[in-house]
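Novice: In this note's numbering, the protein residues as written are 2 to 425. If you scroll down you'll find the structure; I have some questions about it.
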Amino acid sequence: MNEKLLQYLWNFKVFTHFNFSDLKGNPIEILDFGKWNSDSGPDFLMAKIKINNIILAGNIELHVRSSDWIFHQHSKDPNYDNIILHVVFQNDADIDELSKKNIPTLELKDHIDESIFSKYEKLLKESRFIACEDVFNPNIIPVHFFEESLLKKLEEKSSELEKDLEIHKNNYEAVLFHALAYAFGLKVNAHLFKQIAESIDFTAFNKIRQNKIQLEALLFGISGWLEKPEDEQMKIWKREFDFLKAKFNLSELIIRPKFLRLRPPNFPTIRLSQLADLYYQHQNLFSKIINSKNSDELISIFQSVKASEYWDNHFNFGKITGVDQPKVLTRDFIELIILNSILPLKYSYHKYQNEEIADEILEFYKKISAEKNSIVNGWKNTGLSIKNALQTQSLIYHYKNYCTPKNCLNCSIGFKILKDNNHV
């Protein structure tokens, strides 16, 4: 038993019976178990109990042992002045301070099914893909699980975007540029690409977006790739970068993307050229994205994007490859950009003006193919049928935030497993 599990049991009222009484034998009726408090202070706020025909309203504190009240030094903390009930798993000591204030203590050890302890311990000890893999059944997934998980992710992404908006004076186009750069960088270069984008004043970037060579020159120059030109095209990019650097008073900051562990089509040279082409092709990119009505419209924005001709037979500067082929965006890559950058921004942009935006965004996710990665494969191996990106995005979020840290007590699936006697 630990305090977190005890709080969980109290919050979800997982008891064998509710004939509660204090240590003196006085019956206690819990009229309101209170609101679970994740911040400092009492564990449950705004609770309500009835004892000796008196109704008390206030806060409830939970401990594994009653002596924890002393060890946690609650006596000196004014946040605990409004305690109406001390709930413990085991009463191992009388607390004089609580007795003098007539604050009852409720012992729970005889109200909890001992099998819950073994279930919880087994989940924590499991080293499989997910802790509950042995007992997982797709049928125990709660109704609206996927929608609720994805909306949690969208809210978190929205909070991040709002911070960026505050920094960049509510300039949605600049924030879109940063988000797209992050997505084009994939896992290896995501943060570096975003740093490159943030190092550029978007007003300056916007002024040159009709000149593809200058867009590439700007991105390549900040990446430190034009210092020693190896061919004529590199000389052109360097000349343009030197011009832009003087015109816009760019800093000397160099941000060098990584090539290690990347397949050639994902080399940062190719991806930055494609990002430049996206902005070159779509002068009103932000409005197209925000006003798109379905996933097909979004996908069409990216379908014609490709790296410049130089990269048809190059993956790196000055080194010609034996294959001459345009470097276009694959369908999988386009959908990845839409899932991780475009849809969170659309949600954030519309959520205060459009009450139905959540349902609309979820429809976008439903129409996009299921992602392919090790986490999704892990879920498939549990017997789960996965058909679209709504499911994959939800499952990836859930895996990272609940399964990996073994946060089973806050997991809606874990709740069912712990509560159901047929599991574990």
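Even for Gly, the Cβ is constructed at its ideal location relative to N, Cα and C.
For F268, which of G222, R210, K188, K246 has the nearest alpha-carbon?
Specialist: As a working note, residue 268 is residue 267 in the sequence shown. Ranking G222, R210, K188, K246 by CA distance to the CA of F268 puts K188 first.
Novice: Is S150 helix, strand or coil by DSSP?
Specialist: Here residue 150 is taken as the residue at index 149 of the sequence shown, counted from 1. In this structure, S150 counts as helix in the three-state DSSP scheme.
Novice: Would DSSP call H424 helix, strand or coil?
Specialist: Within the sequence shown, numbered from 1, the residue matching residue 424 stands at position 423. Because the pLDDT of H424 is 49, which lies under 50, any placement of that residue in the model is unreliable, and the number read from its coordinates should be weighed accordingly. H424: coil per DSSP, three-state reduction.
Novice: By DSSP's criteria, I50 is part of a beta bridge. Which residues make up the other side?
Specialist: The residue given as residue 50 occupies position 49 in the sequence shown. According to DSSP, which records beta bridges pairwise, I50 is partnered with I31, L57.
Novice: First and last residue of the alpha helix (DSSP H) that includes N12?
Specialist: Along the sequence shown, read from residue 1 onward, the residue named residue 12 stands at position 11. Looking at the DSSP string, the run of the alpha helix (DSSP H) that includes N12 is 4 to 13.
Novice: Can you list the alpha helix (DSSP H) stretches of 4 or more residues lying completely in the segment 278 to 334, in chain order?
Specialist: Taken in chain order, the unbroken stretches of alpha helix (DSSP H) that lie wholly in the segment 278 to 334 and span 4 residues or more are 286 to 292, 296 to 304.
Novice: In terms of residues, what are the limits of the beta strand (DSSP E) holding E253?
Specialist: Along the sequence shown, read from residue 1 onward, the residue named residue 253 stands at position 252. Note, E253: premise wrong, no beta strand (DSSP E); not H, not E.
Novice: DSSP three-state call for Q91: helix, strand or coil?
Specialist: Taking the sequence shown and counting its residues from 1, one reaches residue 91 at position 90. Strand.
Novice: Under the rule that 16 or more other beta-carbon atoms within 10 Å means buried, what is I29, buried or exposed?
Specialist: Looking up residue 29 in the sequence shown gives position 28. Classification of I29: buried, given that the 10 Å Cβ count is 16 or more.
Novice: Measuring straight from C-alpha to C-alpha, what distance separates K164 and F146?
Specialist: Taking the sequence shown and counting its residues from 1, the one referred to as residue 164 is at position 163. Taking the sequence shown and counting its residues from 1, the one referred to as residue 146 is at position 145. One C-alpha to the other measures close to 28 Å.
Novice: Starting from E108, trace the beta strand (DSSP E) in both directions and tell me its first and last residue.
Specialist: Your numbering for residue 108 matches position 107 in the sequence shown. Taken as a continuous stretch (DSSP letters only), the beta strand (DSSP E) holding E108 covers 106 to 108.
Novice: Tell me the rounded alpha-carbon separation between L346 and N250.
Specialist: Taking the sequence shown and counting its residues from 1, the one referred to as residue 346 is at position 345. Taking the sequence shown and counting its residues from 1, the one referred to as residue 250 is at position 249. Those two C-alpha atoms are separated by around 30 Å.
Novice: Check whether the segment 109 to 121 and the segment 45 to 56 touch, using three or more Cβ-Cβ pairs below 8 Å as the test.
Specialist: No, the segment 109 to 121 does not touch the segment 45 to 56.
Novice: Mind the definition here: the segment 293 to 308 touches the segment 335 to 353 only if three or more C-beta pairs lie below 8 Å; say whether that holds.
Specialist: Judged by Cβ distances under 8 Å, the segment 293 to 308 makes contact with the segment 335 to 353, as three or more pairs qualify.
Novice: Spatial neighbours of H73 within its chain, please: C-beta separation below 8 Å, excluding the five flanking residues on both sides.
Specialist: By 1-based counting over the sequence shown, the position of residue 73 is 72. Contacts found: H64.
Novice: Note down the Cα distance separating V425 from F137, rounded to an integer number of angstroms.
Specialist: Looking up residue 425 in the sequence shown gives position 424. Looking up residue 137 in the sequence shown gives position 136. Any reading at V425 needs caution, since the residue's pLDDT is 47, under 50, leaving its predicted position unreliable; the model's value is listed next. Rounded to the nearest angstrom, the two C-alpha atoms are 9 Å apart.
Novice: Under three-state DSSP, which class holds F45?
Specialist: Within the sequence shown, the letter at position 44 stands for residue 45. F45 falls in the strand class under three-state DSSP.
Novice: DSSP three-state call for L276: helix, strand or coil?
Specialist: Taking the sequence shown and counting its residues from 1, the one referred to as residue 276 is at position 275. Correct three-state label for L276: helix.
Novice: Using only the alpha-carbon positions, how far apart do S370 and S386 sit?
Specialist: The residue labelled residue 370 in the question sits at position 369 within the sequence shown. The residue labelled residue 386 in the question sits at position 385 within the sequence shown. Answer to the nearest angstrom: the Cα atoms are 13 Å apart.
Novice: Should L155 be labelled buried (16 or more other beta-carbon atoms within 10 Å of its own) or exposed?
Specialist: Locating residue 155 in the sequence shown gives position 154, counting from the first residue. L155 comes out buried.
Novice: Below 8 Å on the Cβ atoms is my guess for R262 versus F185; work out the distance and round it to an integer in Å.
Specialist: In the sequence shown, the residue the question calls residue 262 occupies position 261. In the sequence shown, the residue the question calls residue 185 occupies position 184. About 17 Å; that fails the 8 Å criterion.
Novice: So, do the segment 4 to 13 and the segment 97 to 106 have three or more beta carbon pairs nearer to each other than 8 Å?
Specialist: no
Novice: Can you give me the start and stop residues for the alpha helix (DSSP H) that H18 sits inside?
Specialist: Numbered from 1 along the sequence shown, position 17 holds the residue referred to as residue 18. Neither: H18 is in no alpha helix (DSSP H) and is coded neither H nor E.
Novice: Would you say the segment 211 to 230 touches the segment 271 to 286, given that touching needs at least three Cβ pairs under 8 Å?
Specialist: Counting C-beta pairs closer than 8 Å gives three or more between the segment 211 to 230 and the segment 271 to 286, which meets the contact rule.
Novice: Quick one: is D69 buried, meaning 16 or more other Cβ sit within 10 Å of its Cβ, or exposed?
Specialist: Translated into positions along the sequence shown, residue 69 becomes position 68. Buried, by the Cβ-count rule.
Novice: Looking at the unbroken alpha helix (DSSP H) that takes in F185, where does it start and where does it end?
Specialist: Indexing the sequence shown from 1 puts residue 185 at position 184. Its alpha helix (DSSP H) spans residues 173 to 185.
Novice: Classify V144 as helix, strand or coil using the three-state DSSP reduction.
Specialist: Counting from 1 along the sequence shown, the entry for residue 144 is found at position 143. Looking at V144 - three-state DSSP - the assignment turns out to be coil, as it is neither helix nor strand.
Novice: Measuring straight from C-alpha to C-alpha, what distance separates F45 and H399?
Specialist: The count along the sequence shown starts at 1 and reaches residue 45 at position 44. The count along the sequence shown starts at 1 and reaches residue 399 at position 398. In a straight line, the C-alpha of F45 is about 26 Å away from that of H399.
Novice: With DSSP run on the structure shown, which of helix, strand or coil describes R66?
Specialist: The sequence position of residue 66 within the sequence shown is 65, counting from 1. Three-state DSSP puts R66 in a strand.
Novice: Which class does L24 belong to by DSSP, given the choice of helix, strand or coil?
Specialist: Here residue 24 refers to the residue found at position 23 of the sequence shown. Three-state result, L24: coil.
Novice: Quick one: residues in its chain with C-beta nearer than 7 Å to the C-beta of H169, no 5 flanking neighbours on either side, listed in chain order?
Specialist: Locating residue 169 in the sequence shown gives position 168, where the first residue counts as 1. Here the set comprises A175, V176.
Novice: Name the DSSP beta bridge partners of W226, please?
Specialist: For this step, residue 226 is matched to residue 225 along the sequence shown. In the DSSP output, where bridge partners are listed per residue, W226 has none listed.
Novice: Can you give the beta carbon distance from S349 to S159, rounded, assuming they're within the 8 Å contact cut?
Specialist: Taking the first residue of the sequence shown as 1, we reach residue 349 at position 348. Taking the first residue of the sequence shown as 1, we reach residue 159 at position 158. Right, their Cβ atoms sit about 4 Å apart.
Novice: In its own chain, which residues sit with a C-beta less than 7 Å from the C-beta of G379, not counting the 5 before and 5 after it?
Specialist: Against the sequence shown, residue 379 aligns to sequence position 378. Only F130 meet the Cβ criterion.
Novice: S427 by DSSP, collapsed to three states: which one?
Specialist: Nothing can be reported for residue 427: it is not among the residues displayed for the chain, which extend from 2 to 425.
Novice: Of the choices N172, K381, R332, C404, whose alpha-carbon is the least far from that of I300?
Specialist: Taking the first residue of the sequence shown as 1, we reach residue 300 at position 299. It is R332 whose Cα lies nearest to the Cα of I300.
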